[in-house]
Amino acid sequence: FAPWHPGRCAELIVDGKAVAHAGELHPRIVAKYGLPERSVAFAVGLSVLPETKLVKPFSVGTMPAALQDVALIVDESIVAGDVQEALRAGAGNLLESITLFDRYDKIGGGKISLAFSLVFRANDRTLTGAEVTEAREAAVAEASKRTGAVLRS
2 FAPWHPGRCA
12 ELIVDGKAVA
22 HAGELHPRIV
32 AKYGLPERSV
42 AFAVGLSVLP
52 ETKLVKPFSV
62 GTMPAALQDV
72 ALIVDESIVA
82 GDVQEALRAG
92 AGNLLESITL
102 FDRYDKIGGG
112 KISLAFSLVF
122 RANDRTLTGA
132 EVTEAREAAV
142 AEASKRTGAV
152 LRS
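The opening residue of the sequence shown carries number 2 in my numbering; numbering runs sequentially from there.
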């Protein structure tokens with residue numbers, strides 16, 4: 002298949018239709034157009050791709066984010082999503098995102114540790130350390146109230 006080098010290219014097939022090709026260009030094509038040796042390229046046939054909804058772009062805050070990690074000890078029967086929702090509810094409107102990044106189950110006694118990364122940001126100003134601490138403490142308090150979570154030391 003021109004312009005690809007035999008054995009050094011790939012074809013992406015969706016629903017039985019070739020929608021894309023990628024790989025190293027054939028040496029004759031490279032020579033014809035004066036390209037560097039072993040040039041690579043890809044081609045996508047947009048007309049054969051399935052239609053999808055347009056994704057609306059989201060705005061990125063211009064103010065700096067404040068990152069806080071919290072590790073909480075909970076009963077092993079507690080679902081991480083419940084702890085995450087409690088943290089979200091307690092943190093208030095300064096919380097931009099929350100991500101579970103660790104689950105440690107070797108605590109013993111039917112307990113596990115869940116570690117979350119919380120990102121705080123205000124749209125109109127740089128947050129103070131006190132504001133971030135207050136939001137984090139409120140988040141932990143709500144998680145404690147709803148799930149019995151205890152801050153891991």
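The C-beta atom is built at its ideal place from N, Cα and C for all residues, glycine as well. These numbers come from a predicted model, not from an experiment.
Taking the alpha-carbon positions, what's the residue i to residue j distance?
i, j, result
"Leu95", "Arg153", "23 Å"
"Glu97", "Asp76", "27 Å"
"Thr63", "Asp125", "8 Å"
"Ala123", "Thr129", "10 Å"
"Arg29", "Gly35", "10 Å"
"Arg9", "Phe43", "12 Å"
"Val20", "Val56", "21 Å"
"Lys54", "Leu13", "22 Å"
"Glu135", "Ala142", "10 Å"
"Ser60", "Ala3", "42 Å"
"Ala131", "Lys18", "57 Å"
"Ile79", "Lys146", "13 Å"
"Lys33", "Pro7", "17 Å"
With a CB to CB cut of under 8 Å and the five nearest residues on each side skipped, what residues in its chain are close to residue i?
i, result
"Trp5", "His22, Gly24, Glu25, Leu26, His27"
"Ile99", "Gln85, Leu88, Arg89, Ala92, Phe117, Ser118, Leu119, Val120"
"Lys107", "none"
"Ala11", "His22, Ala23, Gly24"
Measure how close the beta-carbons of residue i and residue j come, nearest whole angstrom, since I'm counting them as under 8 Å.
i, j, result
"Thr127", "Pro65", "6 Å"
"Val71", "Thr148", "About 13 Å separates the two Cβ atoms, so there is no contact after all."
"Glu38", "Val45", "Not quite, the Cβ-Cβ distance comes to about 24 Å (not below 8 Å), so this is no contact."
"Val151", "Leu73", "7 Å"
"Ala140", "Arg104", "Not really, about 18 Å apart at Cβ, beyond 8 Å."
Short of 7 Å in beta carbon distance, which residues of its chain neighbour residue i, apart from the five on each side in sequence? Order them along the chain.
i, result
"Val133", "Ala67, Gln69, Phe121"
"Ala144", "Leu73, Val84, Ala87, Leu88, Gly91, Ala150"
Which same chain residues end up closer than 6 Å to residue i when comparing Cβ atoms and leaving out the 5 residues on each side of it in sequence?
i, result
"Phe102", "Ala116, Ser118"
"Ser40", "Leu26, Val31"
"Arg137", "Gln69"
Is there a C-beta anywhere in chain B that falls below 7 Å from the one on residue i?
i, result
"Leu115", "Among the protein chains of the structure shown there is no chain B, as only one such chain exists."
Kindly confirm or deny that the segment 34-53 and the segment 101-114 touch, where touching means at least three C-beta pairs closer than 8 Å. The answer is no - the segment 101-114 does not touch the segment 34-53, with fewer than three Cβ pairs under 8 Å.
Contiguous beta strand (DSSP E) assignments of at least 3 residues, all confined to the segment 28-90: Complete beta strand (DSSP E) runs here, min 3: 41-45, 67-76.
Can you give, in chain order, each stretch of the alpha helix (DSSP H) that sits fully within the segment 123-148 and has at least 4 residues? The segment 123-148 contains these whole alpha helix (DSSP H) runs: 130-148.
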